[in-house]
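Enquirer:
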Amino acid sequence: MRQNINVTDTVFLAEGVYQATTWDYQAAADATNGATQPVFPFLTIVNGPGNHTVLTFGDTIDTLPGVQNLVVFGGPNATFTIPAGGATVAAGIQNTNADAVQNSILTDTSFGTTDHANGSNFDEASGVGNTLDSFGFANLTRTYAFSIEVEQIPEPSGISLILLSGAALMLRRKR
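By the numbering used here, the letter at position 155 of the sequence shown is numbered 152, and the numbering carries on one by one without gaps.
Structure follows, in structure tokens:
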């Protein structure tokens, strides 16, 4: 199993409720021996160097080769909350193969760094709230070709105010 968290291209998200919607990736073909390359996307709060807390993780998929855009993030944990004060968030991928098997997501070694773990030193990313801090290669000079898209979910109280405002307008028009 391998796990990779992009620590170069992080984003700061303000306090609120969000949903991971889709992800994009570029992958190699499955192994010539017929082994598939199942992976799942996840997001973390970056607590500090080589230290992350899992916010959400998506469905495990068998990657398709080439550039794949707008792949459904999926999973029952796609909605997550950023605490008061906001947080720096990083995207990650984990494969579910045997120990130390490469994942199929392509890499670019010309820029960026990745917190990288494999089967010999592994924290599981498929649990919301899990701490990921056992990286065999923290700040590995490499970036994986994937991204995760999120959208903020409006708070229900804001929606209620809008609906109430609309109702008040309709009442005024009737008079």
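Heads up, the beta-carbon is just placed ideally off N, CA and C, and yes, glycines get one too.
1) Tell whether a beta-carbon distance below 8 Å holds between Q91 and F37.
2) Jot down the residue ranges of each uninterrupted beta strand (DSSP E) in the region 65 to 133, minimum 3 residues, whole runs only, in chain order.
3) Smallest Cα separation from S123: which of F132, L61, D56?
4) With a threshold of 6 Å on Cβ separation, who are the neighbours of D105 within its own chain once the five nearest residues in sequence on each side are excluded?
5) Are the Cβ atoms of L10 and G83 separated by less than 8 Å?
6) Measure the beta-carbon distance from S131 to A114 and round it to whole angstroms, keeping in mind my assumption that it falls under 8 Å.
7) Quick one: using the 10 Å Cβ neighbour count with 16 as the cut-off for buried, is Q149 buried or exposed?
8) Using DSSP with H/G/I as helix, E/B as strand and the rest coil, what is G45?
9) Over what stretch of residues does the beta strand (DSSP E) that includes G13 continue unbroken?
10) Rounded to whole angstroms, what's the CA-CA distance from P62 to A17? Just pull it up for me.
11) Roughly how many angstroms separate the alpha carbons of M(-2) and F134, rounded to a whole number?
12) If you draw a straight line from the C-alpha of W20 to the C-alpha of G89, how long is it?
13) Could you work out which residue in L103, T110, L40 is closest to F70 when comparing CA atoms only?
14) DSSP state of T138, grouped into three classes?
15) Measure the CB-CB distance between Q34 and T60 and report whether it falls below 8 Å.
16) Using 7 Å as the cut-off, classify the Cβ of A75 as near or not near the heavy atoms of the ligand SAM, replying yes or no.
17) Can you look up L10 in the DSSP assignment and give me helix, strand or coil?
18) Let me check understanding here. Comparing Cα to Cα, which of E12, G47, A26 lies closest to I2?
19) Taking the Cβ atom as the reference point for each residue, do T78 and V43 lie within a distance shorter than 8 Å?
Expert: Walking through what the data contain:
1) If you number the sequence shown from 1, residue 91 lands on position 94. If you number the sequence shown from 1, residue 37 lands on position 40. Going by C-beta atoms, Q91 is nearer than 8 Å to F37.
2) Runs of the beta strand (DSSP E) inside the region 65 to 133: 76 to 79, 84 to 92, 111 to 115.
3) Taking the first residue of the sequence shown as position 1, residue 123 is located at position 126. The shortest Cα separation from S123 among F132, L61, D56 belongs to D56.
4) Position 108 of the sequence shown, counted from the start, is the residue given in the question as residue 105. Counting only Cβ-Cβ distances below 6 Å, and skipping sequence neighbours, we find T140.
5) As a working note, residue 10 is residue 13 in the sequence shown. As a working note, residue 83 is residue 86 in the sequence shown. For L10 and G83, yes; Cβs fall inside 8 Å.
6) What you label residue 131 is simply residue 134 of the sequence shown in a count that begins at 1. What you label residue 114 is simply residue 117 of the sequence shown in a count that begins at 1. That belief holds up - the Cβ atoms of S131 and A114 are roughly 6 Å apart, short of 8 Å.
7) To locate residue 149, count along the sequence shown from 1; it is residue 152. Result: exposed.
8) Against the sequence shown, residue 45 aligns to sequence position 48. Three-state DSSP puts G45 in a strand.
9) Residue mapping note: residue 13 aligns to position 16 of the sequence shown, counting from 1. Taken as a continuous stretch (DSSP letters only), the beta strand (DSSP E) holding G13 covers 13 to 24.
10) In the sequence shown, counting from the first residue as 1, residue 62 sits at position 65. In the sequence shown, counting from the first residue as 1, residue 17 sits at position 20. Distance between the alpha carbons of P62 and A17: 22 Å.
11) Counting from 1 along the sequence shown, the entry for residue -2 is found at position 1. Counting from 1 along the sequence shown, the entry for residue 134 is found at position 137. One C-alpha to the other measures close to 14 Å.
12) Translated into positions along the sequence shown, residue 20 becomes position 23. Translated into positions along the sequence shown, residue 89 becomes position 92. Annotation: W20 to G89 spans about 11 Å, alpha carbon to alpha carbon.
13) Position 73 of the sequence shown holds residue 70. F70 has its Cα closest to that of L40, out of L103, T110, L40.
14) Along the sequence shown, one-based indexing puts residue 138 at 141. In this structure, T138 counts as coil in the three-state DSSP scheme.
15) Your numbering for residue 34 matches position 37 in the sequence shown. Your numbering for residue 60 matches position 63 in the sequence shown. Yes. Within cutoff.
16) Within the structure as shown, the ligand SAM is missing, as the structure has no ligands at all.
17) What you label residue 10 is simply residue 13 of the sequence shown in a count that begins at 1. For L10, the three-state secondary structure derived from DSSP is strand.
18) Translated into positions along the sequence shown, residue 2 becomes position 5. Proximity to I2 across E12, G47, A26 peaks at G47, based on C-alpha coordinates.
19) By 1-based counting over the sequence shown, the position of residue 78 is 81. By 1-based counting over the sequence shown, the position of residue 43 is 46. No, these two residues do not count as a Cβ contact at 8 Å.
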